[in-house]
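Numbering of the sequence shown is given in our numbering, commencing with residue 525 and proceeding in unit increments.
Yeah, the Cβ is synthetic: ideal placement off N, Cα and C, and Gly gets one too.
Only one structure is covered here, and it is reproduced in the block below.
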Amino acid sequence: MIANATSEKVMPDAANSERGWAINLLYDGDCPLCVREVNFLRQKDNGRGRVKFTDIADDSYTADQNGGVDYATAMGRIHAVLADGTVIKNVEVFQQVYQVLGIGWIYAPTGWPLVGPLVDWLYGLWANWRLAVTGRPSLKTILAERAERLGEGCSDRCQIQD
Numbered sequence: 525m526i527a528n529a530t531s532e533k534v535m536p537d538a539a540n541s542e543r544g545w546a547i548n549l550l551y552d553g554d555c556p557l558c559v560r561e562v563n564f565l566r567q568k569d570n571g572r573g574r575v576k577f578t579d580i581a582d583d584s585y586t587a588d589q590n591g592g593v594d595y596a597t598a599m600g601r602i603h604a605v606l607a608d609g610t611v612i613k614n615v616e617v618f619q620q621v622y623q624v625l626g627i628g629w630i631y632a633p634t635g636w637p638l639v640g641p642l643v644d645w646l647y648g649l650w651a652n653w654r655l656a657v658t659g660r661p662s663l664k665t666i667l668a669e670r671a672e673r674l675g676e677g678c679s680d681r682c683q684i685q686d
């Protein structure tokens, strides 16, 4: 278990003009390994703003600002939104982000016929187990806690009666 993985803070964006980015990476800011990867990518972006980094764990995260990808979907698998609005997911996200940052050679082998499907399968395993591996509650619990925190799913019990 990697529950005690260093708890890093995400480095702030140096620059991110509204549509100066080529790809909007949706990441889980509560995942210590995800944060480590995002910090590496921010460093590679070097303030150019080519990648927009959107923390889905932020309570202000909304699907309408992020290609229609809701919180539950984004928590299940990594997603990104291209500047033209196209939503991509899984290993393709890493391929595209790394390419935009000029280090696409790192993920180039994932485009090979035998390597690509294997890496997709391995990523699927990671995505299914990342919460447990990092010592976090189940996705069901995380979703319920978020809904309660944000007051989602309220009906008349959330309204003041006259």
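Taking C-alpha atoms, which residue in the options lies nearest to residue i?
i: glycine 600; options: Ala656, Trp629, Arg673 and Glu672; result: Ala656
i: glycine 626; options: Cys558, Val559 and Asp569; result: Asp569
i: alanine 581; options: Tyr647, Cys555, Thr665 and Arg654; result: Cys555
i: glycine 675; options: Gln589, Asp583 and Gly544; result: Asp583
i: glycine 544; options: Cys558, Phe577 and Gln567; result: Phe577
i: leucine 667; options: Gly648, Trp629 and Thr597; result: Thr597
Starting from residue i, follow its DSSP beta bridges and name the residues at the other end.
i: threonine 578; result: Leu550
By Cβ distance, which residues of its chain are closer than 6 Å to residue i, with the 5 residues on each side in sequence left out?
i: alanine 546; result: Arg574, Ala607 and Val624
i: phenylalanine 618; result: Tyr631
i: alanine 651; result: Arg601
Helix, strand or coil: how does DSSP classify residue i here?
i: tryptophan 645; result: helix
i: leucine 638; result: coil
i: arginine 673; result: helix
i: tryptophan 653; result: helix
i: threonine 665; result: helix
i: tryptophan 545; result: coil
Does the beta-carbon of residue i, which I'm using as the reference point, lie nearer than 7 Å to any heavy atom of the ligand MN?
i: valine 615; result: You won't find the ligand MN in this model; it holds no ligand whatsoever.
Can you list, in chain order, the residues of its chain with a C-beta nearer than 7 Å to that of residue i? Leave out the 5 residues immediately preceding and following it.
i: valine 621; result: Ile547, Leu549, Leu565, Val575 and Ala604
i: arginine 670; result: Tyr595
i: proline 633; result: Val639
Using a Cβ-Cβ cut-off of 8 Å (strictly less than) and excluding sequence neighbours within five positions of residue i, which residues of its own chain qualify?
i: serine 541; result: Confidence is the limiting factor: at serine 541 the pLDDT is only 45, short of 50, which leaves the residue's position unreliable, though a coordinate-based value still follows. Once the five neighbours on either side are set aside, the close Cβ partners of serine 541 are Gly573.
i: valine 611; result: Gly591, Gly592, Val593, His603, Ala604 and Val605
i: aspartate 579; result: Val534, Tyr551, Asp552, Gly553 and Tyr585
Practice prompt. Counting only runs of 4+ residues fully inside the stretch 555-632, write out the alpha helix (DSSP H) ranges in chain order.
Written response: 556-569, 595-600 and 615-624
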